[in-house]
Each structure stands twice: as structure tokens, then as C-alpha cells.
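S.K.: Note that the working numbering has the sequence shown beginning at 162, numbered continuously upward. Yeah, the Cβ is synthetic: ideal placement off N, Cα and C, and Gly gets one too.
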Amino acid sequence: MSHGALLTVAAAGVALLLLMIIKAKIQPFVALVVVSIGVALTAGVPAAELVATIEEGMGSTLGHIATIIALGAMIGRIIELSGGAASLAHSLMDRFGERRTPLALTAAGFLLGIPVFFEVGLIILMPIAYGVARASRKPLLVYALPMGAAMLTVHAFLPPHPGAVAAATTIGADQGWVLLFGIPVTAVVILLGYLLAKRMTRREYPMTADVYAKVFGEGDGSEAESGAEPAPKGAVAGPVEGAENPPSFGMVVSLIVTPIVLILLGTIGTNFLSEGSTLRAVLTVLGAPMVALLVAAALAAYFLGARRGWSSARISEVMGSALPGVAMVILVAGAGGVFGKVLVKTGIGDAVADVLDRTGLPLLALAFAMTMLLRAVQGSTTVALVTTAGLITPLLQRTDLSPQQLALVCLAMGAGGLSVSHINDAGYWMFTRLVGLEVGDGLRTWTVLTTAMGVAGFLLTSLLWLVV
Numbered sequence: 162m163s164h165g166a167l168l169t170v171a172a173a174g175v176a177l178l179l180l181m182i183i184k185a186k187i188q189p190f191v192a193l194v195v196v197s198i199g200v201a202l203t204a205g206v207p208a209a210e211l212v213a214t215i216e217e218g219m220g221s222t223l224g225h226i227a228t229i230i231a232l233g234a235m236i237g238r239i240i241e242l243s244g245g246a247a248s249l250a251h252s253l254m255d256r257f258g259e260r261r262t263p264l265a266l267t268a269a270g271f272l273l274g275i276p277v278f279f280e281v282g283l284i285i286l287m288p289i290a291y292g293v294a295r296a297s298r299k300p301l302l303v304y305a306l307p308m309g310a311a312m313l314t315v316h317a318f319l320p321p322h323p324g325a326v327a328a329a330t331t332i333g334a335d336q337g338w339v340l341l342f343g344i345p346v347t348a349v350v351i352l353l354g355y356l357l358a359k360r361m362t363r364r365e366y367p368m369t370a371d372v373y374a375k376v377f378g379e380g381d382g383s384e385a386e387s388g389a390e391p392a393p394k395g396a397v398a399g400p401v402e403g404a405e406n407p408p409s410f411g412m413v414v415s416l417i418v419t420p421i422v423l424i425l426l427g428t429i430g431t432n433f434l435s436e437g438s439t440l441r442a443v444l445t446v447l448g449a450p451m452v453a454l455l456v457a458a459a460l461a462a463y464f465l466g467a468r469r470g471w472s473s474a475r476i477s478e479v480m481g482s483a484l485p486g487v488a489m490v491i492l493v494a495g496a497g498g499v500f501g502k503v504l505v506k507t508g509i510g511d512a513v514a515d516v517l518d519r520t521g522l523p524l525l526a527l528a529f530a531m532t533m534l535l536r537a538v539q540g541s542t543t544v545a546l547v548t549t550a551g552l553i554t555p556l557l558q559r560t561d562l563s564p565q566q567l568a569l570v571c572l573a574m575g576a577g578g579l580s581v582s583h584i585n586d587a588g589y590w591m592f593t594r595l596v597g598l599e600v601g602d603g604l605r606t607w608t609v610l611t612t613a614m615g616v617a618g619f620l621l622t623s624l625l626w627l628v629v
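#1: Note the first and the last residue of the continuous alpha helix (DSSP H) segment covering VAL443.
#2: VAL627: buried (16+ other C-beta within 10 angstroms of its C-beta) or exposed?
#3: Please state the DSSP three-state secondary structure of MET368.
#4: To which residues of the same chain is THR362 closer than 7 Å at the C-beta, ignoring the five residues directly before and after it?
#5: Measure from the alpha carbon of MET451 to the alpha carbon of each residue in LEU465, PHE619, PRO320 and GLY498, then state which is nearest.
#6: Can you tell me whether ALA385 is buried or exposed? The criterion is at least 16 other CB atoms within 10 Å of its CB, across all chains shown.
#7: Starting from the Cα of HIS322, find the closest Cα among TYR366, GLY233, ALA265 and ASP511 and give me that residue.
#8: Determine the DSSP secondary structure at GLY540, reduced to helix, strand or coil.
#9: Please specify which runs of the alpha helix (DSSP H), each continuous and at least 4 residues long, are wholly inside the stretch 286–324, giving them in chain order.
#10: Note down the Cα distance separating GLY388 from LEU286, rounded to an integer number of angstroms.
#11: Which same chain residues, not among the five before or five after VAL326, have their C-beta less than 6 Å away from its C-beta?
#12: Determine the DSSP secondary structure at THR262, reduced to helix, strand or coil.
#13: Can you find the residues in the same chain that come closer than 6 Å, C-beta to C-beta, to ALA488, ignoring five residues on each side of it along the sequence?
#14: Go through its chain and collect everything with a Cβ distance to THR554's Cβ below 7 Å, but skip five positions before and after it.
#15: Buried or exposed: SER477, going by 16 or more other Cβ atoms within 10 Å of its Cβ?
#16: If we count the other Cβ atoms within 10 Å of its Cβ and call it buried at 16 or more, is GLY430 buried or exposed?
#17: Look at the alpha carbon of THR603 and the alpha carbon of ILE351, and state the distance between them as a whole number of angstroms.
#18: Where are the alpha helix (DSSP H) runs, 4 residues long or more, that stay fully inside the stretch 508–577, in chain order?
#19: Do you know offhand how far VAL349's Cα is from ALA617's?
#20: Identify the continuous alpha helix (DSSP H) that holds VAL170 and give its terminal residues.
#21: If you follow the alpha helix (DSSP H) that GLN188 is in, where does it begin and where does it stop?
#22: Can you look up HIS583 in the DSSP assignment and give me helix, strand or coil?
#23: Would the stretch 255–272 count as touching the stretch 511–528 if we require 3 or more Cβ pairs under 8 Å?
#24: Whose C-beta lies closer than 7 Å to the C-beta of LEU341 among residues of the same chain, with five residues either side of it excluded?
#25: Can you grab the Cα-Cα spacing for the pair PHE279 / PHE619, in whole Å?
#26: Comparing the CB of TYR304 with every heavy atom of the ligand GTP, is any distance shorter than 8 Å?
#27: If distances are taken between C-alpha atoms only, which option among LEU527, LEU168, GLY411 and ALA358 comes closest to MET308?
#28: Please check the pair PHE464 and LEU416, which I expect to be a contact at CB under 8 Å, by giving their CB distance rounded to whole angstroms.
#29: Take the Cβ of TYR373 as the centre, count every other Cβ of all protein chains shown within 10 Å, and call the residue buried at 16 or more, exposed below.
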């Protein structure tokens, strides 16, 4: 096929994908697989090779990310059910003081957002924001807006979150470099978001009657603690077991930081220690994301579980309860890998790369703009990241980018995935319902804030590009 015909097939495929997800409300995993099959056959992949192409795309992607996402979810689940999440938030509030409680909850969102998925983090921390707002008699949005935005920022930018892991894997970026650049970029973006949210919440926005009653109504506030929203799919209901004797702040932070430190040490060892060195070999193994998260999961199971009285059966149950909630996320990422493989196999990837190359836009700008556009039209950060990664990979393969530059491309995509959270995003509805915002006020606050933070993340990444 000519490049023009291939591009037409690609455009039709992406349009069909968006229609299936947005209009027909078809599950993204199913939509991605169906569109991948249709694009492959239309673009000339022989029927005999179709199944092998799908299996290769799925296997090569999930071989890298399935274990990472599952282990990250297990760590987050243990921290949640041990009482570690609440302990982290309350300790930060004690350290920051009453006047800086919004900043404390923002920091809690940042730290807890590393091992815990965005939706789960909201469910965990929102009752704490309710309680603080009730005690201070200040608007709930003062506390919830920067806290929620912090968790979404981590979700878009950093491993072990599925979009970031899938994007890094697809374009061949080292996750150690992604973390090394991404953690400070994310921290600065979150601080800027906190300052912007502080300014935005000077105006008081009306709350829906049900949420207002939960936060400020009479009674002991237990109705707010129970949570009006259902837990995310796969969550296990029940009380937090460590509520009476929660783990210490230092313990929780240490467990969150452990896999990050190991991954960074692995990257440093690979780049700065001599080949054949025993220390380099050890750090390379420990710094592999899968191994680093496995170590952290074992430590969490011991320090937050076994040492605090959990039986082996209970630890196994808690870790297993994390998996149903992430199973579909893993499959969506794998289906994104199938789509990317089809783009390469059919030559569509090269055709798209030619067109993108002729636009004259810098790689970072292309990565950011494509992800933001896909995020805006279909809602899912993960789908936007995996789709953009598949489209842009052939263009990246024509360039001679360093590992550091590939990591920055991944972060630019994350900035696009953070932006434009609006009415087609499940996270938008979850946040606005939990804080009692009407649709218009949600667009004026949450959507504006996430977009401003995404643009800030892209600008920071662009500055780093100039010095690597």
C-alpha cells in the first residue's frame, strides 16, 4: 500500500477506536483488540499471520509490565489495609501544622500516589479531607483539589503506574531514568499545582447537598468516613486493620521509597560502573523494576503484615485482593501493545513517522500534543499513553536519542496524559462527585488545574531536554 492509503487506514482505525470507546461505551481492551485486527487485515497482514502478530504484541508488552503493575498494586494494598495510608496523611498534617494542612495532604497525595492507583488513593484520602474540612469549617475543595491533582500527576508521570510503564516499555525508555527525571519534575509540577489550587479556592464553590451534609452536617461524621462512593472494582470492603495501631510514618515512607531507590541504583550502576563489576551485576539485578518491586512487596508483607500479627493466609488474601482491580488495566496496556505491533507490521508506523517528521515539530512537542489530544477525546490517560507510544515509536527509531532523552519523551507524554481531565474521564466524575462539585465548577477547577499542570510538566521537561 502507498503511504497515503496506510495513513487513511490508520486514521480510520483511530477514529473507530474513539467511537467504540466514547460513543458505544465498549471496554477499551476489547476496542483496541478489535481495531487492531481490523487495521491489520485492511492494511494487508496475511490472515495466517494475524494471530501470531497479536500474540507477539501482547506477549512482548505484558512480559515487561504485567508483573510490575501487579506488584505495585500489592504494595499499595498492604499499605492501605495496614492503616499506613492514614498514618502517612496524619503524620504529614502533624508535621506541617494546621495552616499548612492543604500542603500536607498534597504531599500525602504525592507519596501515596506512587504505589497506589489514582482512584484507590482518592477513596483512601478523601475521608481524611472530609474530617479536616469539618474540623476547620473551611471549604472541602481547599484540601481535596491539590491532593487529588497530586495523585493524578503521579499516575500520569511515574512507574509503576500502567500508562507510564507501558509508554516507557514501548519506546524503549529506561525506567530508572524516567524516575530520576520524573520524580523532581513531578514534585515541582505538584507544588505549582498546589499554589494554583490555593489561588483557585479563594472563591467558594457550591457543594451538592449530599456531600455538604456528609462533611458539615450534624453528627459524628461517620457517614463521611464510610464513603458514599463505591470502592474501585476489585477493592475488598471492610475496616482498616491497622487503624488502632498504624505503622509509623518512617516505615511507610521507607517502603514507598525502597523500589525507587533500587531502580535508581540499578540505572546508576549500569551507567557508571565498569562492565563485569560484581557490584554492577548486583545493582543491575536489584534495580530491575520487577525485582525492586518484588523486594518492596516482600518487605511490606513482613513489616506491615507478619510482624504486626497477620497470618500468612491473611497476607496472601490482601495481596491477592489487589489483582482484580488491576487485571483490566494490564489487559488494556497489553492491547495497546498489540495495536503498536500492528502499526509496525503493516508499515503504518513508518508512514505516520514520515508525516510527523515533516511537521517540523520537535519530538517532545509531538509526544505531548498527541497524548493530550488523545486524552482529551477519549478520556483515559493509560489508553492515550499506550496509543501515542505505538504511533511515535517508528519516528523515535529513526533518531539517535540517548537514554536520557528517551526518558524525557516518556515524561512529555505523561504531561499530555495529565492534561484535559474532563467529562469523558472517569477520574473527573469520581473527583467531582466526591467533593460535591457541579459539572461547570468541575471544569473550572479540576479540568483547568490538571491542564495547567500538564503544560507546566511539558515546559519543565523541555528545559531538561536542553541540558541532557
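M.R.: In this structure, then:
#1: Locating residue 443 in the sequence shown gives position 282, counting from the first residue. Segment 439–448, the alpha helix (DSSP H) holding VAL443.
#2: The sequence position of residue 627 within the sequence shown is 466, counting from 1. Sequence check: residue 627 is Leu here, not Val. Under this definition LEU627 is an exposed residue.
#3: Counting from 1 along the sequence shown, the entry for residue 368 is found at position 207. The answer is coil: DSSP assigns MET368 none of H, G, I, E or B.
#4: Translated into positions along the sequence shown, residue 362 becomes position 201. Only PRO300, LEU302, VAL303 and LEU306 meet the Cβ criterion.
#5: Translated into positions along the sequence shown, residue 451 becomes position 290. Among LEU465, PHE619, PRO320 and GLY498, the Cα nearest to that of MET451 belongs to PRO320.
#6: Start at 1 with the first residue of the sequence shown, and residue 385 comes out as number 224. Annotation note: pLDDT 36 at ALA385 (below 50); position unreliable, coordinate value reported separately. So ALA385 counts as buried.
#7: Looking up residue 322 in the sequence shown gives position 161. Comparing Cα-Cα distances from HIS322 to each of TYR366, GLY233, ALA265 and ASP511, the minimum goes to GLY233.
#8: Stepping through the sequence shown from its first residue, residue 540 is reached at position 379. The answer is coil: DSSP assigns GLY540 none of H, G, I, E or B.
#9: 301–318
#10: Here the question's residue 388 lines up with position 227 in the sequence shown. Here the question's residue 286 lines up with position 125 in the sequence shown. At GLY388, the pLDDT of 35 sits below 50, so the modelled position is not reliable and the matter cannot be decided from this model.
#11: Mapped onto the sequence shown, residue 326 falls at position 165. Taken in chain order, the residues that qualify are ILE226, ILE229 and PRO320.
#12: Position 101 of the sequence shown, counted from the first residue, corresponds to residue 262. Looking at THR262 - three-state DSSP - the assignment turns out to be helix.
#13: Position 327 of the sequence shown, counted from the start, is the residue given in the question as residue 488. Nothing meets the Cβ criterion.
#14: Residue numbering aside, residue 554 sits at position 393 when the sequence shown is read from its first letter. Excluding sequence neighbours, THR554 sits near THR331, ILE332, GLY501 and GLY510.
#15: Position 316 of the sequence shown, counted from the start, is the residue given in the question as residue 477. By the 10 Å Cβ count, SER477 comes out exposed.
#16: On the sequence shown, residue 430 is found 269 positions in, with the first residue counted as 1. With 16 or more other Cβ atoms within 10 Å, it is buried.
#17: In the sequence shown, counting from the first residue as 1, residue 603 sits at position 442. In the sequence shown, counting from the first residue as 1, residue 351 sits at position 190. The displayed chain sequence assigns Gly, not Thr, to residue 603. So the two alpha carbons sit approximately 19 Å from each other.
#18: 509–520, 524–539 and 542–558
#19: On the sequence shown, residue 349 is found 188 positions in, with the first residue counted as 1. On the sequence shown, residue 617 is found 456 positions in, with the first residue counted as 1. Roughly 9 Å between the two C-alpha positions.
#20: Mapped onto the sequence shown, residue 170 falls at position 9. That run of the alpha helix (DSSP H) goes 164–179.
#21: The residue labelled residue 188 in the question sits at position 27 within the sequence shown. Where GLN188 is concerned, there is no enclosing alpha helix (DSSP H), given that its DSSP letter is neither H nor E.
#22: Here residue 583 is taken as the residue at index 422 of the sequence shown, counted from 1. Correct three-state label for HIS583: coil.
#23: no
#24: Residue numbering aside, residue 341 sits at position 180 when the sequence shown is read from its first letter. Once the five neighbours on either side are set aside, the close Cβ partners of LEU341 are LEU425 and THR428.
#25: Residue 279 sits at position 118 when you count from the first residue of the sequence shown. Residue 619 sits at position 458 when you count from the first residue of the sequence shown. Between PHE279 and PHE619, the C-alpha separation is close to 21 Å.
#26: Annotation note on the ligand GTP: not contained in the displayed structure, which lists no ligands.
#27: Here residue 308 is taken as the residue at index 147 of the sequence shown, counted from 1. Selected option, being the one with the closest Cα: ALA358.
#28: On the sequence shown, position 303 is the one that residue 464 refers to. On the sequence shown, position 255 is the one that residue 416 refers to. The Cβ separation is near 7 Å, so the contact holds.
#29: For this step, residue 373 is matched to residue 212 along the sequence shown. Under this definition TYR373 is an exposed residue.
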